[in-house]
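K.L.:
Line order of the protein sequences matches chains A and B.
Sequential numbering from 1 applies to the first sequence in the numbering used here.
Sequential numbering from 1001 applies to the second sequence in the numbering used here.
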Amino acid sequence: MAKIQTVKFKNRPVIIGSYSIVGPKEGQGNFKNYFDYIMQDDRFGEKTYEQAEKKMIQHAIIGAIEKAHLKTSDVDLLLAGDLLNQIISSSYAARDFSCAYLGLFGACSTMAESIAVGASLVNGGLFNNVVCSTASHFSTAERQFRFPLELGNQRPPTSQWTVTGAGSCVLAQSGKGPIVTSATFGKVIDWGINDVNDMGAVMAPAAMDTMLTHFRDTKTTPDDYDLIVTGDLGKLGSEILIDLMEDQGIKLGLNYNDCGQMYFTREQSALSGGSGCGCCATVLNSFIMKKLQDGKYKKVLFMPTGALMSTTAAQQGETIPGICHAVVIERGEE
Amino acid sequence: MDAKQRNEAYNNYVKAKIPKTRPWPTLFYSFLVGGIICCLGQGINDLILLWFPNMAQQTAWGYTLIILIFLASFLTGIGVYDKIGKFAGGGSIVPITGFSNSITSPALEFKHEGIIYGLCVKMFTIAGPVIVSGVVASVLVGIIYLFI
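(1) Can you tell me which of the three DSSP states lysine 47(A) falls into?
(2) Count the other C-beta atoms from every protein chain shown that fall within 10 angstroms of the C-beta of glycine 1085(B), then say buried if there are 16 or more, exposed otherwise.
(3) Could you pull the start and end residues of the beta strand (DSSP E) that valine 228(A) belongs to?
(4) Within this structure, are the beta carbons of threonine 221(A) and threonine 6(A) separated by less than 7 Å?
(5) Can you name the start and end residues of the beta strand (DSSP E) that glutamate 330(A) belongs to?
(6) Going by other Cβ atoms of all chains shown within 10 Å of its Cβ, with 16 needed for buried, is cysteine 280(A) buried or exposed?
(7) By alpha-carbon positions, which one of Pro13(A), Ser174(A), Gly200(A) ends up nearest to alanine 307(A)?
(8) Quick one: which chain B residues come within Cβ less than 9 Å of glycine 260(A)?
(9) To the nearest angstrom, report how far apart leucine 292(A) and serine 286(A) are at their CA atoms.
(10) Taking the continuous alpha helix (DSSP H) assigned at isoleucine 1044(B), which residues delimit it?
(11) Going by beta carbon distance, what residues of the same chain come within less than 7 Å of aspartate 226(A), once the five residues before and after it are set aside?
(12) Could you pull out every residue in the same chain whose Cβ sits closer than 6 Å to the Cβ of aspartate 258(A), ignoring the five residues on either side in sequence?
(13) In terms of alpha-carbon separation, which member of Ala100(A), Asn128(A), Gln154(A), Met39(A) lies closest to serine 1092(B)?
(14) Taking the alpha-carbon of glutamate 1109(B) as reference, which of Ile4(A), Gly278(A), Glu50(A) has the nearest alpha-carbon?
(15) At a Cβ cut of 7 Å, what residues of the region 1055-1082 of chain B count as close to chain A, listed as they run along the chain?
(16) May I have a chain-ordered list of the beta strand (DSSP E) segments no shorter than 3 residues that lie completely inside the region 160-186 of chain A?
(17) Could you name the residues of chain A that serine 1092(B) contacts, counting a contact when the two beta carbons are closer than 8 Å?
(18) Given this structure, state the Cα-to-Cα distance separating asparagine 11(A) from glutamine 173(A), to the nearest angstrom.
(19) Which whole-angstrom value is the C-beta distance of proline 304(A) and cysteine 108(A), which I expect to be below 8 Å?
(20) Just checking: is the beta-carbon of proline 24(A) within a distance shorter than 7 Å of some beta-carbon in chain B?
(21) Counting only beta-carbon separations shorter than 7 Å, does alanine 201(A) have a partner in chain B?
(22) Taking 7 Å as the CB-CB limit, is arginine 143(A) close to chain B?
(23) In whole angstroms, give me the CA-to-CA distance for threonine 1026(B) and leucine 1047(B).
(24) In whole angstroms, what is the alpha-carbon distance linking glycine 1034(B) and isoleucine 1131(B)?
(25) Within this structure, are the beta carbons of proline 1106(B) and lysine 1083(B) separated by less than 7 Å?
(26) Counting Cβ pairs, one atom from each stretch, are 3 or more of them under 8 Å apart for the region 90-97 of chain A and the region 144-158 of chain A?
(27) Buried or exposed: which applies to lysine 67(A), given that a residue is buried once 16 or more other Cβ atoms fall within 10 Å of its Cβ?
(28) Using alpha carbons as the reference points, say which of Phe1074(B), Arg1022(B), Ile1116(B), Phe1087(B) lies closest to serine 1100(B).
(29) Would you say glycine 192(A) faces chain B, with C-beta separation under 7 Å as the test?
(30) Compare the Cα-Cα distances from leucine 126(A) to each of Ala326(A), Pro13(A), Ser89(A) and report the closest residue.
(31) With a threshold of 7 Å on Cβ separation, who are the neighbours of arginine 43(A) within its own chain once the five nearest residues in sequence on each side are excluded?
(32) Taking only three categories from DSSP, how would you classify methionine 1055(B)?
(33) Looking at glycine 106(A): is its Cβ nearer than 7 Å to the Cβ of glutamate 113(A)?
(34) So, with DSSP's three-state summary, where would you put glycine 1079(B)?
(35) Please tell me whether glycine 273(A) and glycine 260(A) are closer than 7 Å, where the distance is taken between their beta carbons.
(36) Could you say which of Glu1113(B), Pro1019(B), Tyr1117(B), Val1139(B) lies nearest to lysine 47(A) if we only look at CA atoms?
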């Protein structure tokens, strides 16, 4: 029997609510008209950036639950993850919710990972309402992975800007909203890149692998989707993915794009684009969901990528493994 | 093609694809800002000697350094130095002001983890290697000096 990577959700789990919250810089980017909430201050009234990130997740979870017209007590399971060590933002945020919790780590692919896991559980009829959430914060990621904020260094042109933002959605067995129809769980792929400033090149082979598997397993082609969107490959990474796919004989056309590449305007000097869990999570839960509800898109392949990086392993000379999970979200019947 | 060959080919492909930093504008801004910082230092030194004509040159140099370090530290604190650095690159890293920035910025960043384990421990995460190399180099030079 062939190994299973792609699953189809016959019982059609529905995304009945979604919510996005972003920082001030992100609030001036290309998706500014779609976000639910734009923070005035990237500390969000908290003492530290870590606490701000935790509060963002809480805010996004509550927002999504309210938009789904539910109460927090209606939620059975919370699936969440973030970039910080021991995924503290998610786990600490989960203290305030009286439901079961699974912490996930898929780096920047966490949004798709949580939807894929959540949809599987809902489709199986095991849980009724599952909340999927993730967040990232520029200032917490910088200090964990790179340099202090006030250090006067220059960033290389391949580096990306970690998005300050959180996104959440509520999956349910029935209701109104976009439907998760299938998911492809990705493999860990490492093609020997060890440049911590070039995440796009790390993750592009993983995206290629998952994309090929998905097209093969579902017997679809890029033309079957209104939008194929990767998470945060950035400008360089998405160009690499297009090249890699072309080598495999699949041409990605105008319906392919990358959240990181689209996120910021040219004037915002974000170099290769946005990155972080919050990047694709906020785009999915604002722009893409609205377009699915409006009927502009009918079928979207959402496939965020993650660089499963640790600063310790990178300093020890290890190359960086990447991963990509894909979920197909379709417009539901009205 | 085995995995090793594939990785090598991919690394070469990525290397060719990476956008390069443009050297001439980068060098220009770096020398411009670096030069301005040096002129500022010379100006401060001259002013000190003008106002205190009896001061020894050596002492005046000391005060000049203290003033430059303070200025860079202050600019880091109010969030200006990183903006200069983004524009100037090496120009604002190489002078002593860059050293001051590299100590002040982690001190600011990690103050929430406490005075001892946060601020004091993390203060030298960036400047540490420079200090170690400086001390080691001075020991080596001292040994050479002993024999000549």
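We put the beta carbon where it would ideally sit given N, CA and C, even for glycine.
P.N.:
Taking the structure as given:
(1) Taking the first sequence and counting its residues from 1, one reaches residue 47(A) at position 47. Secondary structure at lysine 47(A): coil, using DSSP grouped into helix, strand and coil.
(2) Along the second sequence, read from residue 1 onward, the residue named residue 1085(B) stands at position 85. Burial call: buried.
(3) Walking along the first sequence from the start, residue 228(A) turns up at place 228. The displayed chain sequence assigns isoleucine, not valine, to residue 228(A). Start and end: 227-230.
(4) For the purposes of this step, residue 221(A) is identified with residue 221 of the first sequence, where counting begins at 1. For the purposes of this step, residue 6(A) is identified with residue 6 of the first sequence, where counting begins at 1. Not a contact, by the Cβ cut-off of 7 Å.
(5) Translated into positions along the first sequence, residue 330(A) becomes position 330. First-last of the beta strand (DSSP E) with glutamate 330(A): 326-330.
(6) Within the first sequence, residue 280(A) is the residue found at index 280, counting from 1. Label assigned to cysteine 280(A): buried.
(7) In the first sequence, the residue the question calls residue 307(A) occupies position 307. Nearest C-alpha to alanine 307(A): Gly200(A).
(8) By 1-based counting over the first sequence, the position of residue 260(A) is 260. Within chain B, no residue comes near glycine 260(A); the closest Cβ sits about 15 Å away, beyond 9 Å.
(9) Here the question's residue 292(A) lines up with position 292 in the first sequence. Here the question's residue 286(A) lines up with position 286 in the first sequence. Each residue's Cα considered, the two are about 10 Å apart.
(10) One-based indexing of the second sequence puts residue 1044(B) at position 44. Segment 1023-1051, the alpha helix (DSSP H) holding isoleucine 1044(B).
(11) The residue given as residue 226(A) occupies position 226 in the first sequence. Cβ contact annotation for aspartate 226(A) (same chain, cutoff 7 Å, sequence separation greater than five): Asn255, Tyr297, Lys298, Lys299, Val300, in chain order.
(12) Indexing the first sequence from 1 puts residue 258(A) at position 258. Answer for aspartate 258(A): Thr230, Leu233, Ser238, listed in chain order.
(13) Within the second sequence, the letter at position 92 stands for residue 1092(B). Taking only the C-alpha atoms, the option nearest serine 1092(B) is Gln154(A).
(14) Within the second sequence, residue 1109(B) is the residue found at index 109, counting from 1. With distances taken between Cα atoms, glutamate 1109(B) lies closest to Glu50(A).
(15) Thr1076, Gly1079, Tyr1081, Asp1082
(16) 165-172, 179-184
(17) Start at 1 with the first residue of the second sequence, and residue 1092(B) comes out as number 92. Going along chain A in sequence order, the residues near serine 1092(B) (Cβ under 8 Å) are Gly152.
(18) Position 11 of the first sequence, counting from 1, holds the residue named residue 11(A). Position 173 of the first sequence, counting from 1, holds the residue named residue 173(A). If I take the Cα positions, the gap works out to 8 Å.
(19) Counted from its first residue, the first sequence places residue 304(A) at position 304. Counted from its first residue, the first sequence places residue 108(A) at position 108. About 6 Å separates the two Cβ atoms, so the contact holds.
(20) Within the first sequence, residue 24(A) is the residue found at index 24, counting from 1. No, no contact with chain B.
(21) For the purposes of this step, residue 201(A) is identified with residue 201 of the first sequence, where counting begins at 1. Yes, contact with chain B.
(22) Along the first sequence, read from residue 1 onward, the residue named residue 143(A) stands at position 143. Chain B, which has a Cβ nearer than 7 Å to the Cβ of arginine 143(A), makes this yes.
(23) The residue labelled residue 1026(B) in the question sits at position 26 within the second sequence. The residue labelled residue 1047(B) in the question sits at position 47 within the second sequence. The straight-line gap from Cα to Cα measures roughly 32 Å.
(24) What you label residue 1034(B) is simply residue 34 of the second sequence in a count that begins at 1. What you label residue 1131(B) is simply residue 131 of the second sequence in a count that begins at 1. Whole-angstrom Cα-Cα distance: 21 Å.
(25) For this step, residue 1106(B) is matched to residue 106 along the second sequence. For this step, residue 1083(B) is matched to residue 83 along the second sequence. Proline 1106(B) places its beta carbon 7 Å or farther from that of lysine 1083(B).
(26) Between the region 90-97 of chain A and the region 144-158 of chain A, the count of C-beta pairs closer than 8 Å stays below three; the two stretches do not touch.
(27) The count along the first sequence starts at 1 and reaches residue 67(A) at position 67. That one is buried.
(28) Taking the second sequence and counting its residues from 1, one reaches residue 1100(B) at position 100. Of the candidates Phe1074(B), Arg1022(B), Ile1116(B), Phe1087(B), the one whose C-alpha sits nearest the C-alpha of serine 1100(B) is Phe1074(B).
(29) Here residue 192(A) is taken as the residue at index 192 of the first sequence, counted from 1. True, the Cβ-Cβ gap to chain B drops below 7 Å.
(30) As a first step, residue 126(A) must be located in the first sequence, where it is residue number 126. The candidate whose alpha carbon is nearest that of leucine 126(A) is Pro13(A).
(31) If you number the first sequence from 1, residue 43(A) lands on position 43. Take arginine 43(A), set aside five residues on each side of it, and the residues of its chain with a beta-carbon closer than 7 Å to its own are Tyr49, Ala52, in chain order.
(32) By one-based count along the second sequence, residue 1055(B) stands at place 55. Here methionine 1055(B) sits in coil by DSSP.
(33) To locate residue 106(A), count along the first sequence from 1; it is residue 106. To locate residue 113(A), count along the first sequence from 1; it is residue 113. For the pair glycine 106(A) and glutamate 113(A), the CB atoms are nearer than the 7 Å cut-off.
(34) Within the second sequence, the letter at position 79 stands for residue 1079(B). Reduced to three states, the DSSP call for glycine 1079(B) is coil.
(35) Residue mapping note: residue 273(A) aligns to position 273 of the first sequence, counting from 1. Residue mapping note: residue 260(A) aligns to position 260 of the first sequence, counting from 1. Yes, these two residues count as a Cβ contact at 7 Å.
(36) By 1-based counting over the first sequence, the position of residue 47(A) is 47. Cα-wise, what sits closest to lysine 47(A) is Glu1113(B).
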